[in-house]
Amino acid sequence: MTAKPAFAHILNIADARRAASRRLPRGLFEYVDRGSEDEIAITTNRRQLDAIALSPAVLVDVSQRSTEAEILGHRQPLPLVIAPTAVAGLVWYDGEIAIAKAAAAAGIPFCVSTQSITTVERIAEESGARLWFQLYVWKNRQRMLALLDRAWAAGAETLVLTVDTAVGPNREYNLRNGFGIPLKASWRAGLDVALHPRWTGSVMLRALAVGGVPTYAHYPDEFRTKLGRASLSDELSLATDVTWKDVELLRRHWRGKLVLKGILRVADALAALAHGVDAIVVSNHGARNLDCAPGPTQVLPAIADAVADRLEILADSGVRRGADIARFLALGARGVLVGRAPLYGVAIGGAEGAGRILNILSNELRITMGMLGSPALADLRLAADQA
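Residue 90 in this note's numbering sits at position 72 of the sequence shown; the count goes up by one each step and never skips.
Here you go:
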């Protein structure tokens, strides 16, 4: 009798999401899964993606379909990048390394978060992945630049500046369920953890046994407080005075490619071009920040018309199917970032679970391309033009 491959029961991202919701404490799962305030933007993202129809070309030879893409000068097997996420190391022990290993196996980049629980050095050493590095601007710019020097020395090739988080978002559900960053002890959070013993044993207790309560690994030693305690200083707090002058500073300092993540206006895309940025990510932060933000697909065509021939465009927010990837590409994106989906995968099975997610998305994208009569990714633009 032939054994079923691991995760054969996970047929799509929705299956992985349901499995992750059972495995993770509710507070942690909702931190990964939900949006902000009334969660209108989550509905907006899904509704707008669903509304995009792509028209197939018939009687086209699709026997040799290729999902190969070129992103920032690198040829890669899929038009995907793993988006930066802050809590992968809480979802799975060494979760950042696990997802990075899956990315390496798929031949796509992994973007390390400023607020990663694992250092960029360890991720580079243990995963073998091509690394990007995501940056939040700190109040102390010199400490921020020192962090960038660490990322460059570790091998990060691309810097992704998040520009859509001028202030901290309002996530009321985390106040109600007792979860937040930094972690705070409460009876509600304690009960939540107790009701999820598999996660408690395999993630939190293992972390406690090895190195104590997880920390933000990229903070300087004197500020590397446990997630359960407030920072000793606001030097590393999110800067609220970030301007285009900071982009100029980063362009001078960073020797690799520079990407701005969180662009939703044509004017900002043009400004990014004028400031020597290499690429932008059209994104509303996965609907996790501004609840009245437009969906990326609403603004992507106009941005692509304005700058696509001079600036590489990536996109994200709301991807649940390979068809969603095709939709973003059809509207003018060169590549797509995925964040929540790999987190669902790593939550249920580490690197293998994250790899299952990437395989699902790859297979669905290939099926969609075949159905559309699009042998290459570039052909997807025709499917949108004819819709």
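Think of the CB as a built atom: it goes at the ideal place given N, C-alpha and C, for glycine as much as any other residue.
Shortest alpha-carbon distance to residue i belongs to which of the options?
i, options, result
"threonine 137", "Glu114, Thr315 and Leu177", "Glu114"
"threonine 386", "Asn188, Arg339 and Gly230", "Arg339"
"proline 43", "Asp33, Val109 and Pro97", "Val109"
"proline 127", "Gly353, Lys263 and Lys157", "Gly353"
"alanine 118", "Ile141, Ser131 and Ser134", "Ile141"
"alanine 101", "Ile378, Asn377 and Val356", "Val356"
"alanine 372", "His27, Ala121 and Tyr49", "Ala121"
"glycine 229", "Asn158, Ile135, Ser335 and Ala369", "Ile135"
"lysine 263", "Ala324, His293 and Gly363", "His293"
"arginine 224", "Asn195, Gly107, Ala169 and Ile375", "Gly107"
"valine 277", "Ile331, Val231, Asn195 and Ala326", "Ile331"
Tell me whether residue i is buried or exposed, calling it buried when 16 or more other Cβ atoms sit within 10 Å of its Cβ.
i, result
"proline 95", "exposed"
"histidine 236", "buried"
"leucine 213", "exposed"
"threonine 261", "exposed"
"aspartate 403", "exposed"
"threonine 413", "Any question about residue 413 goes unanswered here, given that the chain covers just 19 to 405."
"threonine 180", "buried"
"leucine 250", "Confidence at leucine 250 is low in this model, with a pLDDT of 47, below 50, so the placement of that residue should be treated as unreliable; the coordinate-derived value is given next. It counts as exposed."
"alanine 34", "buried"
"cysteine 310", "exposed"
"arginine 189", "buried"
So the beta strand (DSSP E) residue i belongs to, where does it begin and stop?
i, result
"histidine 92", "92-94"
"tryptophan 9", "Residue numbering for the chain in the displayed model covers 19 to 405; residue 9 lies beyond these limits and cannot be assessed."
"glycine 353", "353-356"
"isoleucine 331", "330-333"
"threonine 315", "Where threonine 315 is concerned, there is no enclosing beta strand (DSSP E), although the alpha helix (DSSP H) it sits in stretches over 314-325."
"valine 178", "176-180"
The alpha helix (DSSP H) with residue i in it runs from where to where?
i, result
"serine 39", "31-41"
"alanine 207", "205-212"
* Hey, which unbroken runs of the alpha helix (DSSP H) at 4 residues or more fall wholly within the segment 86-153? -> 106-109, 113-124 and 138-145
* Pairing CB atoms from the segment 205-222 with CB atoms from the segment 34-42, are three or more of them under 8 angstroms? -> yes
* Asked: Looking at C-beta atoms only, is the number of pairs between the segment 70-81 and the segment 319-329 that lie closer than 8 angstroms three or more?
  -> no
* Asked: What are the complete beta strand (DSSP E) segments, minimum 3 residues, inside the segment 218-306?
  -> 275-281 and 297-300
* With contact counted as at least three CB pairs below 8 angstroms, one residue from each stretch, are the segment 74-92 and the segment 280-292 in contact? -> In this structure the segment 74-92 does not touch the segment 280-292; the number of beta carbon pairs closer than 8 angstroms is below three.
* Check whether the segment 270-282 touches the segment 28-36, counting contact only when three or more Cβ pairs, one atom from each stretch, lie closer than 8 angstroms. => no
* **Any 3 or more C-beta pairs closer than 8 angstroms across the segment 181-191 and the segment 156-172** => no
* Asked: Contact between the segment 48-56 and the segment 299-309: three or more CB pairs below 8 angstroms?
  -> A contact is defined here as three or more CB-CB pairs under 8 angstroms, and the segment 48-56 meets this definition with respect to the segment 299-309.
* Any 3 or more C-beta pairs closer than 8 angstroms across the segment 359-372 and the segment 381-401 -> no
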